[in-house]
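> Under mature numbering (1 follows the signal peptide of the UniProt record, and there is no 0), residues -20 to -1, 1 to 256 are what the sequence shown spells out, in order. Every residue gets a Cβ at the ideal spot worked out from N, C-alpha and C, and that includes glycine. Sharing a structure here in structure tokens format.
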Amino acid sequence: FVPLLIMASSLVGRVAVVTGASSGIGRGIAVALAQEGIKVAIGARRAERLVEVAEECRSKCGDKVDGECVAWVQTDVTKREDMEALVQTAEEKLGPVDFLINVAGVMYFTMMENCEVEQWDRTVDVCCKGKDHAPPRIILTYFLLWSGVLNGISAVIKKMAERKKGHIVNISSDAGRKVFPGLSVYSGAKFFVEAVSQGLRLEMVGKGVKVTTIQPGNVESELLGLSTDEQAVEKYGTPSGAKVLQPADIARAVVYAVSGWFAVVPLQVLGGACEC
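In structure tokens form, the structure reads like this:
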């Protein structure tokens, strides 16, 4: 048993980069980390939303650390240069990056036979490289919607390995462990996240860099792309009445993972959709 006070003190003054931070799960994670005294650099495409999130984070961490504790950069994480700029800003204003939390992506319900190839392409491109979009409405979704990986990893991994210190947390999904009908391509993208995370974890053995995946079930969040396959949405995308997680649930899992007192590899945060 580790006292919460000791756990919290170990996080104060550390530096985290959070993508997809303008709303939903990313916002919840950024605020929760700031509450623990972690300095946060947040990125997303919607600058006006980032300003709001930055102020909320500052209100949580401002009295816990000396100096500035929040930085933000308008970021399209499909652009490697944007992700590198976010990390560079974090290092210049806050210090060396201890934690990268990859939270950006999209999800579409599609039936394979309906050949929604543009949405398939977008799912693979966004979920494997990462992109944050501005959806118009809130809905209940199956599985976690946000996941961006490669550009985030490439922006931090060399320096983390050189310092022999760092922790990368990739937001995956229980769809990365089990394929669900109507989400075949999305599940494939999440299997990619799991595979990359496992491979990176093995490569970092002995180098001081930890790699964790968070695998949520149903989460209430903003839908990053509107599914146009009505057949798939009607058959598989309707809320079932099962428990739906809140962004704060995922945020607590991330805080637990980065606390440093536990060996955390995959971490499941299950709502009601999982058939384990």
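1. Suppose contacts are defined by Cβ-Cβ distances below 8 angstroms. Is Leu13 in contact with Val20 by that definition?
2. Give the straight-line distance between the Cα atoms of Val165 and Ala10, rounded to the nearest whole angstrom.
3. Pick from Thr55, Val(-6), Asp62, Ser3: whose alpha carbon is nearest that of Gly47?
4. What residue ranges within the region 24 to 71 form continuous alpha helix (DSSP H) runs of no fewer than 4 residues, ordered along the chain?
5. State the start and end residues of the unbroken beta strand (DSSP E) segment that holds Ile18.
6. Straight-line CA distance for Asp154 to Val176?
7. Could you work out which residue in Phe172, Thr55, Arg7 is closest to Val234 when comparing CA atoms only?
8. For Ala169, which of helix, strand or coil comes out of DSSP?
9. Taking its Cβ as the centre, do 16 or more other Cβ atoms sit within 10 Å of Val185, making it buried, or is it exposed?
10. With DSSP as the reference, label Pro76 as helix, strand or coil.
11. Check whether the Cβ atoms of Val199 and Ile5 lie closer than 8 angstroms to each other.
12. Kindly indicate which residue of Ile148, Leu130, Arg26 has the alpha-carbon position closest to the one of Glu61.
13. When you compare each of Glu183, Val189, Arg26, Ile133 to Gly146 by their alpha carbons, which one comes out closest?
14. According to the neighbour-count rule (16 or more other Cβ atoms, all chains shown, within 10 Å of its Cβ), is Leu182 buried or exposed?
15. Please return the same chain residues whose Cβ sits closer than 7 angstroms to the Cβ of Ala51, not counting the five positions on each side in sequence.
16. Assign Glu16 to buried or exposed, taking buried as 16 or more other Cβ atoms, counted over all protein chains shown, within 10 Å of its Cβ.
17. Helix or strand or just coil, what does DSSP make of Lys139?
18. List the DSSP bridge partners of Val149.
19. Would you kindly check if the distance between the Cβ of Ala141 and the Cβ of Lys187 is under 8 angstroms?
Judging by the given coordinates:
1. yes
2. 28 angstroms
3. Val(-6)
4. 27 to 41
5. Neither: Ile18 is in no beta strand (DSSP E) and is coded neither H nor E.
6. 16 angstroms
7. Arg7
8. helix
9. exposed
10. coil
11. yes
12. Leu130
13. Val189
14. exposed
15. Ala21, Thr69, Ala70, Lys73, Leu74
16. buried
17. helix
18. Ile81, Thr192
19. yes
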